[in-house]
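>
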Amino acid sequence: MGFLEDFQASVESLPSMLQRNYSLMRELDKSLQGVQLENEQRCQQEIEDIKHGLESGSITYDPAKLKFSEEAIEEQKHCVRIADEKVALATQTYDLVDAHIQQLDQFMRKLEEIRQVQDRVVSHWLCGREGAAQGKVVLPKLRRIPEEAKRQMIF
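In our numbering, the protein residues as written are 958 to 1112.
Structure follows, in structure tokens:
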């Protein structure tokens, strides 16, 4: 398979790969929002419980002992893991697109090289060696067809 066919095959698969990655990111977003909401509610409730405990005197003020519950801390760690996974997926998606852009740039350079070679060949053919150096177009000489031969031609 040539470069063009390889490039075309990889580009054709790009939309489905991007769709899959973006769908996964949306799922991670939904999951993260759910865990964040639960954690926010849990932390709010724990703060209210601590306030009421301090106001009623059932809890003494000791900053070293006033902490969120293990559940709240684990939820926050889970949020960080989901966010890290989303960042990794976004990086993977960026790298995928970047690789295709680099491949396209390489393809464009190859096409430009081919075009330049073709231009030189055509210029050499039209101008001849002497004319090419001077930038003049020299058309090849055509053979004159005798009148008798023209009458005999069937179109």
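Where a beta carbon is used, it is the ideal one built from N, C-alpha and C, also for glycine.
Bear in mind the structure is a predicted one, so any value in this text is a computation, not a measurement.
Pair every Cβ in the stretch 1011-1027 with every Cβ in the stretch 1042-1056, then say whether three or more of these pairs are closer than 8 Å.
No, the stretch 1011-1027 is not in contact with the stretch 1042-1056.
> Might you give, ordered along the chain, the residues of its own chain that have their beta carbon closer than 7 Å to the beta carbon of Val1061, omitting 5 neighbours on each side?
Looking up residue 1061 in the sequence shown gives position 104. Here the sequence assigns Leu to residue 1061, which means Val is not the residue at that position. Excluding sequence neighbours, Leu1061 sits near nothing in its chain.
> Is Ala1045 helix, strand or coil when you go by DSSP?
In the sequence shown, residue 1045 corresponds to position 88, counting from 1. Helix at Ala1045.
> From Leu961 to Phe1064, what distance separates their C-alpha atoms?
Against the sequence shown, residue 961 aligns to sequence position 4. Against the sequence shown, residue 1064 aligns to sequence position 107. Between Leu961 and Phe1064, the C-alpha separation is close to 8 Å.
> Please identify the residue among Met982, Gln993, Asp963, Glu1070 whose C-alpha is closest to the C-alpha of Val1044.
Translated into positions along the sequence shown, residue 1044 becomes position 87. Of Met982, Gln993, Asp963, Glu1070, the residue nearest in Cα terms is Met982.
> Express the C-alpha separation of Asp1006 and Ser1013 in angstroms, rounding to a whole number.
On the sequence shown, position 56 is the one that residue 1013 refers to. On the sequence shown, position 49 is the one that residue 1006 refers to. Distance between the alpha carbons of Ser1013 and Asp1006 is about 10 Å.
> Quick check on this structure: which residue in Lys987, Gln1073, Arg999 has the alpha carbon closest to the alpha carbon of Ile1030?
The count along the sequence shown starts at 1 and reaches residue 1030 at position 73. Answer by Cα proximity: Arg999.
> Can Ser1015 be considered in contact with the ligand PLP, in the sense that its beta carbon sits closer than 7 Å to one or more heavy atoms?
By its list of ligands, the structure shown contains no ligand whatsoever, and the ligand PLP lies outside what it can speak to.
> Give the DSSP-derived three-state secondary structure of Thr1017 in the structure shown.
Taking the sequence shown and counting its residues from 1, the one referred to as residue 1017 is at position 60. The answer is coil: DSSP assigns Thr1017 none of H, G, I, E or B.
> Looking at Leu985 and Glu1028, is the spacing between their C-beta atoms short of 8 Å?
Within the sequence shown, the letter at position 71 stands for residue 1028. Within the sequence shown, the letter at position 28 stands for residue 985. Cβ atoms of Glu1028 and Leu985: not closer than 8 Å.
> Quick check on DSSP: helix, strand or coil for Pro972?
The residue you call residue 972 lines up with position 15 of the sequence shown. If DSSP states are grouped into helix, strand and coil, Pro972 belongs with the helices.
> Roughly how many angstroms separate the alpha carbons of His1009 and Asn996, rounded to a whole number?
The residue labelled residue 1009 in the question sits at position 52 within the sequence shown. The residue labelled residue 996 in the question sits at position 39 within the sequence shown. If I take the Cα positions, the gap works out to 20 Å.
> Determine the direct distance from the alpha carbon of Gln1049 to that of Gln1073, and round the result to whole angstroms.
Mapped onto the sequence shown, residue 1073 falls at position 116. Mapped onto the sequence shown, residue 1049 falls at position 92. The alpha-carbon atoms of Gln1073 and Gln1049 are separated by roughly 36 Å.
> Between Leu989 and Ile1071, which are expected to be in contact by the criterion C-beta below 8 Å, what is the C-beta distance as a whole number of angstroms?
By 1-based counting over the sequence shown, the position of residue 989 is 32. By 1-based counting over the sequence shown, the position of residue 1071 is 114. That pair is no contact at about 49 Å.
> In this structure, does DSSP put Ser988 in helix, strand or coil?
Working through the sequence shown from its first residue, we reach residue 988 at position 31. Residue state, collapsed to three classes: helix.
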